[in-house]
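1 is the number of the first residue of the sequence shown in the UniProt record's numbering; add one for each residue after it. See below for the structure under consideration.
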Amino acid sequence: MSNDEKAQDFTQVNFAAQLSKLILNDLNNTSNRSSLTIKYTKEQIMTFLDNPRSSQKQIRNLSEYLYMVSSNYKRLIQYFSGMLRFDYIVEPYNLDITKVNKETFNKQYFETIHKLETMNLPHEFTKILKHAFRDDVFYGYEYSGKESYFIQRLDPDYCKISSIEDGVYNFSFDFSFFKNIKEVKKYPEEFQDKYTLFKKDASAYRWQELDSENTICFKVNEELDFPLPPFTQVFEAIYDIDENKRMRRIKTKMDNYMILTQKIPLDEKKGEPNKFLIDLDTAIAFHNKASESLPEEVGLITSPMDIEAIKLERKNNDYDNVAEAERNYYNAAGVSQLLFNGAGSTSTALSKSVITDEQIVFMCLQQFERWINRKLKQIGKGKYKFRVRFLETTRFNVQEVREGFLKAAQYGMPVKSALAATLGLTPSNLVSMAFLENELLDLPNKLIPLASSHTSSNKDGAGAPMKSDDDLSESGEKTRDTDGNIRD
Numbered sequence: 001m002s003n004d005e006k007a008q009d010f011t012q013v014n015f016a017a018q019l020s021k022l023i024l025n026d027l028n029n030t031s032n033r034s035s036l037t038i039k040y041t042k043e044q045i046m047t048f049l050d051n052p053r054s055s056q057k058q059i060r061n062l063s064e065y066l067y068m069v070s071s072n073y074k075r076l077i078q079y080f081s082g083m084l085r086f087d088y089i090v091e092p093y094n095l096d097i098t099k100v101n102k103e104t105f106n107k108q109y110f111e112t113i114h115k116l117e118t119m120n121l122p123h124e125f126t127k128i129l130k131h132a133f134r135d136d137v138f139y140g141y142e143y144s145g146k147e148s149y150f151i152q153r154l155d156p157d158y159c160k161i162s163s164i165e166d167g168v169y170n171f172s173f174d175f176s177f178f179k180n181i182k183e184v185k186k187y188p189e190e191f192q193d194k195y196t197l198f199k200k201d202a203s204a205y206r207w208q209e210l211d212s213e214n215t216i217c218f219k220v221n222e223e224l225d226f227p228l229p230p231f232t233q234v235f236e237a238i239y240d241i242d243e244n245k246r247m248r249r250i251k252t253k254m255d256n257y258m259i260l261t262q263k264i265p266l267d268e269k270k271g272e273p274n275k276f277l278i279d280l281d282t283a284i285a286f287h288n289k290a291s292e293s294l295p296e297e298v299g300l301i302t303s304p305m306d307i308e309a310i311k312l313e314r315k316n317n318d319y320d321n322v323a324e325a326e327r328n329y330y331n332a333a334g335v336s337q338l339l340f341n342g343a344g345s346t347s348t349a350l351s352k353s354v355i356t357d358e359q360i361v362f363m364c365l366q367q368f369e370r371w372i373n374r375k376l377k378q379i380g381k382g383k384y385k386f387r388v389r390f391l392e393t394t395r396f397n398v399q400e401v402r403e404g405f406l407k408a409a410q411y412g413m414p415v416k417s418a419l420a421a422t423l424g425l426t427p428s429n430l431v432s433m434a435f436l437e438n439e440l441l442d443l444p445n446k447l448i449p450l451a452s453s454h455t456s457s458n459k460d461g462a463g464a465p466m467k468s469d470d471d472l473s474e475s476g477e478k479t480r481d482t483d484g485n486i487r488d
């Protein structure tokens with residue numbers, strides 16, 4: 001091969017290489033990566049879940065990350081953590097009613113309900129549940145004053161369950177958490193005292209159990225002896241949703257994508273192969289000029305060959321993989337998808353699904369009840385003993401529970417406090433408002449009862465009260481939706 005032929009081959013190869021670079025840059029300039037896969041891959045997730053005991057920290061960090069970036073996961077956590085109302089009553093126990101000193105009893109009772117009022121249990125416990133359903137375990141330290149109270153969350157990387165007292169968890173704290181004495185002084189005196197021991201002998205006093213009178217440790221998965229977030233089974237499904245959304249975006253772009261071609265002219269008269277009529281620099285210059293004037297949805301190919309047009313579009317019956325991935329996600333979580341979008345079923349079916357979810361949070365409620373009653377034992381110094389009983393009320397079933405207490409009260413059952421709790425009244429609220437309305441304002445004698453179906457005749461248009469949606473069958477719901485019972 002002569003030098004001229006070698007030079008010509010080199011020019012052709014270089015020409016093709018330069019054009020291929022231009023085409024790749026033009027067609028790939030709008031590619032996107034999935035937001036979730038930037039930090040974790042599905043392979044990493046499966047590795048963590050295959051060894052949950054040895055991957056506790058990684059799984060907890062993954063759960064926290066998904067809580068921030070996945071709306072599906074965040075809504076699932078908020079659904080369970082926000083379901084309970086934490087309605088409660090305070091009741092005496094081990095009480096000999098024949099020997100009660102009413103004055104002493106009243107004093108202790110009011111001291112107890114005032115303390116509970118200050119603690120603002122519904123707010124503090126709801127915050128705990130948000131962390132617990134995300135991490136499985138919540139470690140907290142109490143800060144309380146005469147009229148103030150809050151629970152500080154401690155870093156779970158530096159805490160571990162160490163014992164059980166009165167059916168409630170206690171935990172130890174890793175004092176290597178503190179880097180210097182200035183950091184320790186921001187914490188209560190107990191931390192400062194135990195940090196002093198740690199500085200004297202780091203190996204012996206690195207882990208020290210904190211005083212149970214000032215701590216709270218709550219664990220969702222009580223059956224496990226190590227932390228494991230309750231909804232790890234949905235982690236893989238979350239990535240499937242994200243991946244399918246990413247693929248749907250790509251397919252949508254490709255449906256609307258167009259490719260233009262501009263052909264480099266050849267000298268066909270002389271019959272010589274690969275004889276271009278314009279040089280490489282000119283071809284590149286025209287390619288760049290044309291590419292700059294095109295929108296992102298249009299690609300450009302410059303080539304000496306004829307290119308067959310291929311339309312990048314899906315069939316009309318293309319399956320919605322995102323919807324399927326979301327259905328799989330909620331199936332893995334064990335909750336109804338209807339809670340988060342209203343397509344495809346009745347409220348009756350939904351209410352039955354919610355009942356199953358309520359059983360999960362009721363088990364959590366029992367754990368809170370045991371902790372607060374241990375607290376009352378620790379601070380209680382008087383003759384009479386009181387305990388808290390949380391009612392099994394949620395945002396969904398409170399009306400049904402309230403009606404049950406109302407019927408029981410009509411038969412003389414001692415449930416007035418429980419009935420008031422379902423109306424959002426704490427024991428302290430109940431006593432204070434009853435005194436205000438009945439004794440001071442004399443409202444029972446000043447207010448006129450409102451008219452109702454019980455005080456109206458049929459001539460006024462009154463009739464049987466409308467059933468709630470929960471009491472209707474599926475056919476009844478359809479009749480109500482279509483106004484099937486209304487006659488002209």
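No residue lacks a Cβ here, since even glycine has one placed at the ideal position from N, Cα and C.
Beta-carbon proximity check, residue i vs residue j, cutoff 9 Å
i	j	result
F226	Q56	yes
E222	F173	no
K127	I151	yes
F390	L376	no
F86	L423	no
P156	R60	yes
L154	Y141	yes
Helix, strand or coil at residue i [DSSP, three-state]
i	result
I355	helix
T196	helix
E91	strand
Y158	helix
F218	strand
L423	coil
E124	helix
E142	strand
M413	coil
K186	coil
F133	helix
L84	strand
N29	Reliability of the predicted coordinates at N29 is poor, the pLDDT of 47 falling under 50, and the value obtained from them is presented with this limitation in mind. Here N29 sits in coil by DSSP.
L443	helix
Range of the contiguous alpha helix (DSSP H) that encloses residue i
i	result
G404	398 to 410
E111	102 to 119
N170	Per DSSP, N170 belongs to no alpha helix (DSSP H); it is in the beta strand (DSSP E), 168 to 174.
F231	Careful: F231 lies outside any alpha helix (DSSP H) and carries neither H nor E.
E64	56 to 69
E439	Note, E439: premise wrong, no alpha helix (DSSP H); not H, not E.
Best match in the options for proximity to residue i [C-alpha to C-alpha]
i	options	result
V168	R206, T215, T196	T215
S353	E369, G382, F396	F396
A202	F218, K185, S176	S176
A421	G404, L436, G412	G404
N180	Y195, N170, P188, D166	Y195
E124	L62, F218, S70	F218
residue 515	L49, T98, L66, T112	The question about residue 515 has no answer, for the chain in this structure spans 1 to 488.
L224	P414, R53, G145	R53
T393	M119, F191, M83	M83
CA-to-CA distance, residue j to residue i, given in whole angstroms
i	j	result
K269	K275	10 Å
I239	K42	The sequence shown places Tyr at residue 239, not Ile. Each residue's Cα considered, the two are about 7 Å apart.
N429	I45	48 Å
T261	F133	56 Å
A237	S351	25 Å
G91	V137	According to the sequence provided, residue 91 is Glu. The question's Gly does not apply to it. Cα to Cα, E91 sits roughly 29 Å from V137.
V431	N373	21 Å
A285	I264	12 Å
D193	S212	16 Å
L441	E117	24 Å
N72	E147	39 Å
N316	A451	Annotation note: pLDDT 48 at N316 (below 50); position unreliable, coordinate value reported separately. Their Cα atoms are separated by approximately 59 Å.
E358	Y158	32 Å
K39	P229	19 Å
N288	L277	19 Å
G412	L406	10 Å
W371	Q58	29 Å
L24	A283	Residue confidence for L24 is low, a pLDDT of 47 falling below 50, so the modelled location carries little weight and cannot support an answer.
I89	F231	32 Å
residue 490	D166	In the structure as shown, the chain begins at 1 and stops at 488. Residue 490 is therefore absent and cannot be evaluated.
V220	E369	14 Å
V361	S81	8 Å
residue 573	L121	It is not possible to answer for residue 573, since the shown part of the chain is limited to 1 through 488.
L280	S291	16 Å
Bounding residues of the beta strand (DSSP E) (the contiguous stretch that carries residue i)
i	result
I151	149 to 153
F386	385 to 390
Distance cut-off 8 Å: residue i Cβ against heavy atoms of the ligand ADP
i	result
S203	Because no ligand of any kind appears in the structure shown, any question about the ligand ADP cannot be addressed here.
is_contact[residue i, chain D] using C-beta, thresh 9 Å
i	result
P156	The chain inventory of the structure shown lacks chain D, comprising one protein chain alone.
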